[in-house]
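Going by numbering that gives the first Met the number 0, the sequence shown opens with residue 0, and the numbers climb by one from there.
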Amino acid sequence: MAKMWAGVTAGKTDQLADDFNSSIRFDSRMFREDITGSIAHAAMLAARGIITPQDCEALTDGLAGILADLESGALAIDPACEDIHMFVEQVLTERIGETGKKLHTARSRNDQVALDLRMYLRRECREISEGIREVASTITGVAEKHTATIMPGYTHLQRAQPVSFGHYLMAYAMMLLRDLDRLEDCRRRMNISPIGCCALAGTTYDTDRRMEAERLGFDGICLNSLDGVSDRDFAVEMMGALSILMMHLSRMSEELILWASWEFGFIRLSDAYTTGSSIMPQKRNADMAELIRGKTGRVYGDLLGLLTTLKGLPLAYNKDMQEDKEGVFDACDTVKMCLGILAPMLATMEVRADRMLLAAQEGFINATDLADYLVKKGMPFRSAYKISGGLVALCMQQGTVLEKLPLETYRQYSELFEEDLYEAIDLKNCMEKRISEGGTSEASVRQQIAYVRSVLG
Ligand code: ARG
């Protein structure tokens, strides 16, 4: 096929080179952005008297027709075209004749592709944010039911102190709020229009870049034409935000996998999100959570891929930059799938409060509270810590727990112990007394829930 860019070259590239060079396989998903951008471009050209109103009308009608036909499936993407920009222009010219050839006045594919990608990704930011909101609000709903459900909190995966399951879950809700914030920040910085930067240096036509930007819903324009066509930091930034989000989802998935194991048994995932084994009939595998954890590596890879592609590129456009799209599309698709599966998986999981309580009771997680009891009676913390440790060691030796040791035994360790120590080490009390802001007490968790809901709106 004759190339539209056949200028000084014959435009007769080898078939292999054509296939290698082509991006239509993956950039055709930006057809809406490409056509919307072109309609705004035609309007701007007419407003500045660069084309006639009649030309503008023909271009606009032609483009709108292509959009409608692509949406309905009446028009199929031609895989032989180099990219979506060439495809649209080619069909337009086929349909409306010579006027179609005027569309590319005062622009280049370099600013066009940068425009399309920004428009595409800003919409993805919004869609992904919706998915995050859904997961955050599901988490908050489950947390609300479990503000009094005691479980062991861990450090080093060793039982540490009692927390409520609600408190535990709200930690993830807080992370997701920051993920939302990061994406919004990223969307805001991305929403600046590169169109009109042209190939690299701007144009001699008397264009109105701001008008075009405004029509397309941008908040401003790239103020340096070289920058406008060269940088893809907005895509890198977005993948950075998505990588951090996936890191959070992956940690949460890891906990779901652990909790769903026989050893923990804190939750039971619904059959709808559990798989079996082809050989071991007893298995309830948390494949969905494992896949979220696994796909996190893939999103990190997408980020690293683009960073590496960009790091040695001189200004302005280089064909290497065509490699920006597959990774960022893959990252967006992956994140949306993960969010989509996580929300119903969390909403339908069964929480085994009895198992959580058992783990909490067996773990000496009130040892800090025992030390604090002595501190409140006047003993320095380090000494109290030692006595509490000694008592835990004794319990371990005798196969018992702190709650069951008789008062006489306590008093052999310190005269400060009195009957009220049992109240101080009662797990429920240990949790409820953690009233510091952000702590695990019921009131605090309710405050956290209210805060998250107010942000989610
Ligand atoms: N398909 C190209 C890309 O995705 C469009 C820009 C091509 N520009 C050029 N001068 N070859 O990056």
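Glycine residues also receive a C-beta, built at the ideal position from the N, C-alpha and C atoms.
Is residue i helix, strand or coil when you go by DSSP?
| i | result |
| --- | --- |
| residue 158 | strand |
| residue 267 | strand |
| residue 150 | strand |
| residue 163 | strand |
| residue 49 | coil |
| residue 417 | coil |
| residue 273 | coil |
| residue 340 | helix |
| residue 388 | helix |
| residue 453 | helix |
| residue 349 | strand |
| residue 220 | strand |
| residue 192 | strand |
| residue 365 | coil |
| residue 20 | helix |
Can you find the residues in the same chain that come closer than 6 Å, C-beta to C-beta, to residue i, ignoring five residues on each side of it along the sequence?
| i | result |
| --- | --- |
| residue 434 | 440 |
| residue 165 | 142, 145, 146, 444 |
| residue 334 | 127, 241 |
| residue 258 | 265, 266 |
For ligand 1, is there any heavy atom lying closer than 6 Å to the beta carbon of residue i?
| i | result |
| --- | --- |
| residue 320 | yes |
| residue 108 | yes |
| residue 229 | no |
| residue 22 | yes |
| residue 82 | yes |
| residue 7 | no |
| residue 141 | no |
| residue 112 | yes |
Quick one: residues in its chain with C-beta nearer than 7 Å to the C-beta of residue i, no 5 flanking neighbours on either side, listed in chain order?
| i | result |
| --- | --- |
| residue 227 | 110, 113, 193, 196, 221 |
| residue 181 | 240, 243 |
| residue 274 | 284, 286 |
| residue 455 | 132, 135, 136 |
| residue 23 | 76, 78, 80, 81, 82, 83, 86 |
| residue 368 | 423, 424, 429 |
Whose C-beta lies closer than 8 Å to the C-beta of residue i among residues of the same chain, with five residues either side of it excluded?
| i | result |
| --- | --- |
| residue 38 | 58, 59, 62, 63 |
| residue 276 | 282, 284 |
| residue 163 | 145, 146, 147, 148, 149, 150, 430, 439, 441, 444 |
| residue 490 | In the structure displayed, the chain extends from 0 to 456; residue 490 sits before or after that span and is not available. |
Please classify residue i as buried or exposed, where buried requires at least 16 neighbouring CB atoms within 10 angstroms.
| i | result |
| --- | --- |
| residue 260 | exposed |
| residue 8 | exposed |
| residue 205 | exposed |
| residue 35 | buried |
| residue 332 | exposed |
| residue 362 | buried |
| residue 123 | buried |
| residue 18 | exposed |
| residue 365 | buried |
| residue 138 | buried |
| residue 323 | buried |
| residue 155 | exposed |
| residue 436 | exposed |
Would you call the region 284 to 297 in contact with the region 247 to 261, where contact means no fewer than 3 C-beta pairs closer than 8 Å? Because the criterion of three Cβ pairs below 8 Å is met, the region 284 to 297 and the region 247 to 261 touch.
Is the region 235 to 246 touching the region 298 to 307, taking contact as three or more C-beta pairs under 8 Å? Judged by Cβ distances under 8 Å, the region 235 to 246 makes contact with the region 298 to 307, as three or more pairs qualify.
Specify whether the region 373 to 391 and the region 105 to 117 touch according to this definition: at least 3 beta carbon pairs, one from each stretch, less than 8 Å apart. No, the region 373 to 391 is not in contact with the region 105 to 117.
Inspect the CB distances between the region 38 to 50 and the region 349 to 361 and report whether three or more fall short of 8 Å. Result no; under three Cβ-Cβ pairs closer than 8 Å.
Counting beta carbon pairs with one atom in the region 74 to 88 and one in the region 127 to 145, are three or more of them shorter than 8 Å? Contact between the region 127 to 145 and the region 74 to 88 is absent: fewer than 3 CB-CB pairs across the two stretches fall below 8 Å.
Is there contact here, the region 364 to 379 with the region 411 to 419, by at least three beta-carbon pairs under 8 Å? A contact exists between the region 364 to 379 and the region 411 to 419.
Are the region 322 to 340 and the region 396 to 411 touching, with three or more C-beta to C-beta distances below 8 Å? Not touching, per the Cβ criterion.
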